[in-house]
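Working notes, structure below.
Number of protein chains: 2
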Amino acid sequence: MTVRLDAYMQEKKAWIDRQLPLFLQDRTIPGKLKESMLYSLTAGGKRIRPILLFAALDTLGKEEDLGLSTAVALEMIHTYSLIHDDLPAMDNDDLRRGKPTNHKMFGEATAILAGDGLLTVAFQIVASDPILDGEVRSRLVALLAGAAGPEGMVGGQEDDLEAEEKTLTLGQLMSVHGRKTGRLVRFPLEAAAVIAGATEQQTHSLTGYADHLGLAFQIGDDILDITGNEDELGKPVGSDLDNHKNTYVSLLKLEGAKRKMADHVDHAVGFLRESGFENGLLAQIAEFVLNRTF
Amino acid sequence: MTVRLDAYMQEKKAWIDRQLPLFLQDRTIPGKLKESMLYSLTAGGKRIRPILLFAALDTLGKEEDLGLSTAVALEMIHTYSLIHDDLPAMDNDDLRRGKPTNHKMFGEATAILAGDGLLTVAFQIVASDPILDGEVRSRLVALLAGAAGPEGMVGGQEDDLEAEEKTLTLGQLMSVHGRKTGRLVRFPLEAAAVIAGATEQQTHSLTGYADHLGLAFQIGDDILDITGNEDELGKPVGSDLDNHKNTYVSLLKLEGAKRKMADHVDHAVGFLRESGFENGLLAQIAEFVLNRTF
Numbered sequence: 016m017t018v019r020l021d022a023y024m025q026e027k028k029a030w031i032d033r034q035l036p037l038f039l040q041d042r043t044i045p046g047k048l049k050e051s052m053l054y055s056l057t058a059g060g061k062r063i064r065p066i067l068l069f070a071a072l073d074t075l076g077k078e079e080d081l082g083l084s085t086a087v088a089l090e091m092i093h094t095y096s097l098i099h100d101d102l103p104a105m106d107n108d109d110l111r112r113g114k115p116t117n118h119k120m121f122g123e124a125t126a127i128l129a130g131d132g133l134l135t136v137a138f139q140i141v142a143s144d145p146i147l148d149g150e151v152r153s154r155l156v157a158l159l160a161g162a163a164g165p166e167g168m169v170g171g172q173e174d175d176l177e178a179e180e181k182t183l184t185l186g187q188l189m190s191v192h193g194r195k196t197g198r199l200v201r202f203p204l205e206a207a208a209v210i211a212g213a214t215e216q217q218t219h220s221l222t223g224y225a226d227h228l229g230l231a232f233q234i235g236d237d238i239l240d241i242t243g244n245e246d247e248l249g250k251p252v253g254s255d256l257d258n259h260k261n262t263y264v265s266l267l268k269l270e271g272a273k274r275k276m277a278d279h280v281d282h283a284v285g286f287l288r289e290s291g292f293e294n295g296l297l298a299q300i301a302e303f304v305l306n307r308t309f
Numbered sequence: 016m017t018v019r020l021d022a023y024m025q026e027k028k029a030w031i032d033r034q035l036p037l038f039l040q041d042r043t044i045p046g047k048l049k050e051s052m053l054y055s056l057t058a059g060g061k062r063i064r065p066i067l068l069f070a071a072l073d074t075l076g077k078e079e080d081l082g083l084s085t086a087v088a089l090e091m092i093h094t095y096s097l098i099h100d101d102l103p104a105m106d107n108d109d110l111r112r113g114k115p116t117n118h119k120m121f122g123e124a125t126a127i128l129a130g131d132g133l134l135t136v137a138f139q140i141v142a143s144d145p146i147l148d149g150e151v152r153s154r155l156v157a158l159l160a161g162a163a164g165p166e167g168m169v170g171g172q173e174d175d176l177e178a179e180e181k182t183l184t185l186g187q188l189m190s191v192h193g194r195k196t197g198r199l200v201r202f203p204l205e206a207a208a209v210i211a212g213a214t215e216q217q218t219h220s221l222t223g224y225a226d227h228l229g230l231a232f233q234i235g236d237d238i239l240d241i242t243g244n245e246d247e248l249g250k251p252v253g254s255d256l257d258n259h260k261n262t263y264v265s266l267l268k269l270e271g272a273k274r275k276m277a278d279h280v281d282h283a284v285g286f287l288r289e290s291g292f293e294n295g296l297l298a299q300i301a302e303f304v305l306n307r308t309f
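Residue numbers (my numbering), protein chains in the order written: chain B, 16 to 309; chain C, 16 to 309.
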């Protein structure tokens, strides 16, 4: 990771960390519900999706402020998906980033509502963003809902449930991940293109980049589950193995998975090159994904 | 209920019943998830919220087609709220309209995802409605999210959880219902005003009408829980009493609740009168709410 990207990521993470609670603060929400929404929203995380949105706007020569509301909404939707995913009926996790999960802190009923609330407020924030025009806001809502909904992330979560007892092929695993995590990594690039009024060629480069980056990122998660450091990751190492999950490492072995991750990073940068974006932040983010340790 | 309203309600209910599955049909959604979304969406119901939207558009002299996507989205959000409300961690209901609840049919995990999916698709449908312009679509998404979210319905559900062990005052009960059910009854009137480009005076009449109608409707639900017919209602009579729920009947006795319902219907029609709407469908719907048996 170059010095410039490191500083950029830290600065943007700090910015989004500061902004997230501000977007809930003035709303009249029952005390415990608000507390539980804020608890998960401010629990940290890499904020990689907002950073991708800001970096793409920068790449397209636009102010990052134009994407703030959309980035906040996106992170709210990512957070809701983690809250619902951790529920007893789903993955039944007690810990998330080293802290008790939402339902462990606030009870299942409030955790369900906190997720529902974050999902709903996310669309409200994009739809009422005062600095974008109505046509752009509508397109962003439609794209975000498409990425997060039953054709995207929610559909991928259902796929994941149904895959639990089966051994997937590589193609099936890629399809599950394309929905479950890929669509919400694609969205910040699509959103930047819509906000900036990008050309078709630029949009094609950015979304092609996103699709490969999302796969590389997921493969990296599977690798880190084996090779990572528990303190850096904030979760136990080897849990995928213990849970007999379908992962790239279980299908391809460690070396094969590393090769496949590097391939996808190469392809991601190849898409950037098509629009002359290969020397900017987005290429550096791809390199970061290749080498990350958390 | 006059003959005209009866026919109108039947016709619009049939229309929305036909349209609801069409808005999911062509989407690529995992089989079981799609089935579970459709199961609850097509389980029937009075479709009172879409009917209010169509009747308000008619009152404002506009084509009802202009509100179809919004009405479908609204009914999807109403349906999602019922699926999540019925979950074991929430009300833990096994039956809804005489049929097994969603989680009884498809399991808890898929039921949670079906609710999440319907909520998300609802915003996608409004945001990509091809017959409304971008500014109108954005305003509708913002209003719908405000009504459904933590400041509206989701907040009311949290209030309701917290009220379970307490005896509420009349003011507190009205405040819980205002959020939990009132905001989503107000929305179709607000939406019609936005779609039709209504004047401020007309909007004031329609939303004032909606607020009183919503309260009358909720009081009616509490009354029917005591006086209703199980076959017509599709649920056991007296369950509120058995569950020690805070209701208008428990606070005001049966006669007091009936008087209060009639008061709210009077006020609702009073608001219509301010804009000369007192002889149309909306006034007839208020009368229907006063006299309904299901």
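Cβ atoms here follow ideal geometry from the backbone N, Cα and C, with glycine treated the same way.
Beta carbon proximity, residue i to chain C, threshold 8 Å
i: B/K310; result: Any answer about residue 310 of chain B is impossible in this case: the structure gives chain B only from 16 up to 309.
i: B/D41; result: no
i: B/D174; result: yes
i: B/S153; result: yes
i: B/D131; result: yes
i: B/L199; result: no
i: B/G161; result: yes
i: B/G170; result: yes
i: B/E245; result: no
Through-space distance from residue j to residue i, alpha-carbon basis
i: C/Q233; j: B/G197; result: 43 Å
i: C/K273; j: C/T182; result: 21 Å
i: B/D246; j: B/R307; result: 14 Å
i: C/T214; j: C/L72; result: 13 Å
i: B/G229; j: B/L256; result: 22 Å
i: C/K77; j: C/R33; result: 22 Å
i: C/D278; j: B/A129; result: 36 Å
i: B/A70; j: B/A160; result: 22 Å
i: B/H227; j: B/K275; result: 11 Å
i: B/R112; j: B/A208; result: 32 Å
i: B/M120; j: C/A22; result: 51 Å
i: C/E270; j: C/D41; result: 50 Å
i: C/V169; j: C/K195; result: 7 Å
i: C/V87; j: C/I31; result: 7 Å
i: B/G285; j: B/T74; result: 16 Å
i: B/E180; j: B/S143; result: 43 Å
i: C/F309; j: C/N244; result: 8 Å
Contact check, residue i vs residue j, beta carbons under 8 Å
i: B/D240; j: B/G253; result: yes
i: B/S84; j: B/V141; result: yes
i: C/M24; j: B/I127; result: no
i: C/A206; j: C/L68; result: yes
i: C/M52; j: C/L39; result: yes
i: B/A225; j: B/V304; result: no
i: C/S55; j: B/R152; result: no
i: B/R19; j: B/V200; result: no
i: B/P203; j: B/L89; result: yes
i: C/L176; j: C/L266; result: no
i: C/E79; j: C/L102; result: no
i: C/L110; j: C/I210; result: no
i: B/I238; j: B/V280; result: no
i: B/A178; j: B/N261; result: yes
i: C/Q172; j: C/D100; result: yes
is_contact[residue i, chain B] using C-beta, thresh 8 Å
i: C/F202; result: no
i: C/I146; result: no
i: C/E205; result: no
i: C/G99; result: It should be pointed out that residue 99 of chain C corresponds to His in this sequence rather than to Gly. True, the Cβ-Cβ gap to chain B drops below 8 Å.
i: C/P165; result: yes
i: C/I44; result: yes
i: C/K119; result: no
i: C/F138; result: yes
heavy atom of the ligand GDP below 7 Å from residue i C-beta
i: C/H227; result: The ligand GDP is not part of this structure, which contains no ligands at all.
Whole runs of the alpha helix (DSSP H) within the segment 208 to 252 of chain C, excluding any shorter than 4 residues: Runs of the alpha helix (DSSP H) inside the segment 208 to 252 of chain C: 215 to 242 and 245 to 248.
Determine, using beta-carbon pairs with one atom in the segment 138 to 149 of chain C and one in the segment 104 to 118 of chain C, whether at least three such pairs fall under 8 Å. Segments in contact, no.
Three CB pairs or more closer than 8 Å across the segment 53 to 65 of chain C and the segment 181 to 199 of chain B: Taking a contact to require three or more Cβ pairs closer than 8 Å, the segment 53 to 65 of chain C and the segment 181 to 199 of chain B do not qualify as touching.
So, do the segment 36 to 51 of chain C and the segment 289 to 303 of chain B have three or more beta carbon pairs nearer to each other than 8 Å? As far as the Cβ criterion goes, the segment 36 to 51 of chain C does not touch the segment 289 to 303 of chain B, which means the pair count is below three.
Segment contact, 8 Å Cβ cut-off, at least three pairs: the segment 126 to 138 of chain C with the segment 163 to 179 of chain B: Contact check between the segment 126 to 138 of chain C and the segment 163 to 179 of chain B: three or more CB pairs, one atom from each, fall below 8 Å, which counts as touching.
Decide if the segment 283 to 291 of chain B is in contact with the segment 217 to 231 of chain B; the criterion is three or more beta carbon pairs, one per stretch, under 8 Å apart. Touching, yes, given that three or more Cβ pairs across the two stretches are closer than 8 Å.
Cβ pair count under 8 Å reaching 3, the segment 81 to 101 of chain C against the segment 88 to 97 of chain B: Contact between the segment 81 to 101 of chain C and the segment 88 to 97 of chain B is not established, with fewer than three Cβ pairs separated by less than 8 Å.
Could you tell me which uninterrupted alpha helix (DSSP H) segments, each at least 4 residues in length, are contained entirely in the segment 97 to 130 of chain C, listed from first to last along the chain? 117 to 121, all fully within the segment 97 to 130 of chain C.
Enumerated in chain order, which unbroken segments of the beta strand (DSSP E) with a length of 3 residues or greater are wholly contained in the segment 143 to 197 of chain B? Those beta strand (DSSP E) runs which fall completely within the segment 143 to 197 of chain B and span 3+ residues do not exist here.
Starting from the N-terminal side, write out each stretch of the beta strand (DSSP E) that is 3 residues or longer and does not extend beyond the segment 41 to 107 of chain B. Runs found: none.
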